[in-house]
Structures are given as C-alpha cells and as structure tokens.
Amino acid sequence: MFDASNYALRAVLAQRMGKAPHVIYYASRTLDAAQVNYTNTEKELLAIVFALDKFRSYLLGSKLIVFSDHAALKFLLKNFKEKTKLIHDKMISRTHFSIGQKVLLYNSHLKLMPRKLRSRWIGPFVVTDVFPHGAVEIKSESSQNKFKVNGHRLKIFHAREGYQEQTIEELSLHDPFQPP
C-alpha cells in the first residue's frame, strides 16, 4: 500500500494471512522543494518507486503486482508515450530464472586481442538454484561444475532444434604479409 500527499510519501508493506493484512514495514518521507510541484499522478508514481526501493530486500525473488486506485494512473496506460516508456522499462526489468532453465553467461574477461573475435556470451549452462538478492547457481552441461554468479550476468538461452555448438566462420585479424 502506498499514498502520496502534497508534502509526503507513505508506504506500508503487508502480508495477507487469510483475509487480514499483517503489517511488516512502514516507511515515509517528505517531498523536497522540486517534488512538491509534481502533479498528483507524478506523486503517485513517485510513491510506487519509493515503496519498491524501500522494500526491495523483502520483495526480491517474488513476483510483484502493484494495485492502484488512482484513476489518473489508469489513464496513463492508454497514453502512447507512457506506453512506450512502460515497454522500455519492462524490457530492462530483471529476469526471473527457474531451476532447469538454460542460460548463457556474460564473459567479462574477454580478450579481443588474441587474433579472433569471439562472442561475449559463453554456455549454455543449466540453472540449479536461485537465491534471493539476484544470485543464481549454475552448472556447466559438459563438466558438471557448479558455481554462483550474479543474475545480471545471465541471459536466457533460446535453443534451436538440433543445436550444436560449432565454428561457422573464423576471421583472422593478422595483417597480410607484404614482401619488401
């Protein structure tokens, strides 16, 4: 639950046990000079962002649905510009991995100088466990080694039927030898 007034933001994290909600956490803060001038819709959206930021540690690893009674927020969903922003935000949102899913791992130590261009993504790996706060345990399909990585370094592997890893084309970056 969240609310925005002309001078403050309020948020309550509650868990529903049966039909009655049980409060877990209260949070509030005042608006600064610039935020006081926001429209009511912007204040409501700011309250949502504030609540999600404040309760992030409690919400990680679980699906979240935000319900709002603010009619202007519902109207924004019909607005084209706001829809494109929502689509963009949805595209960059965190990916939730499930056990048994195949993923690719980002290779941040890739060296482009050893005369070959290679993909920055290695794998595929299989997800064996998902931990809170974004950690994911994966294992290699070939060596069965298990290790934990940050979920930001993974992306879903979309395999084609009969996929086999092979080198299709290799481009050498050596300069051609020119005799004097």
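The letter at position 100 of the sequence shown is residue 100 when you use UniProt numbering, and the numbering goes up by one with no holes.
Ideal placement from N, C-alpha and C gives every residue a C-beta, glycine not left out.
Predicted model only: the values in this text are computed from it and were never measured.
If you measure between the beta carbons of residue i and residue j, is that distance less than 7 Å?
| i | j | result |
| --- | --- | --- |
| V126 | V136 | no |
| Y58 | L31 | no |
| L9 | F50 | yes |
| A14 | P21 | yes |
Taking the alpha carbon of residue i as the reference point, which residue from the options has its own alpha carbon closest?
| i | options | result |
| --- | --- | --- |
| S5 | D129, F131 and L46 | L46 |
| P124 | G134, I48 and L105 | L105 |
| R120 | K155, S68, Q15 and L64 | K155 |
| R153 | I122, I87, K85 and T84 | I122 |
Ends of the beta strand (DSSP E) at residue i?
| i | result |
| --- | --- |
| Q35 | No beta strand (DSSP E) holds Q35; the alpha helix (DSSP H) holding it covers A33 to V36. |
| R56 | That residue, R56, is in no beta strand (DSSP E); its alpha helix (DSSP H) goes R56 to L59. |
| residue 197 | In the structure displayed, the chain extends from 1 to 180; residue 197 sits before or after that span and is not available. |
| F125 | W121 to V130 |
| N150 | K146 to N150 |
| M17 | A8 to M17 |
| K102 | K102 to Y106 |
| T30 | A20 to T30 |
Under the rule that 16 or more other beta-carbon atoms within 10 Å means buried, what is residue i, buried or exposed?
| i | result |
| --- | --- |
| F97 | buried |
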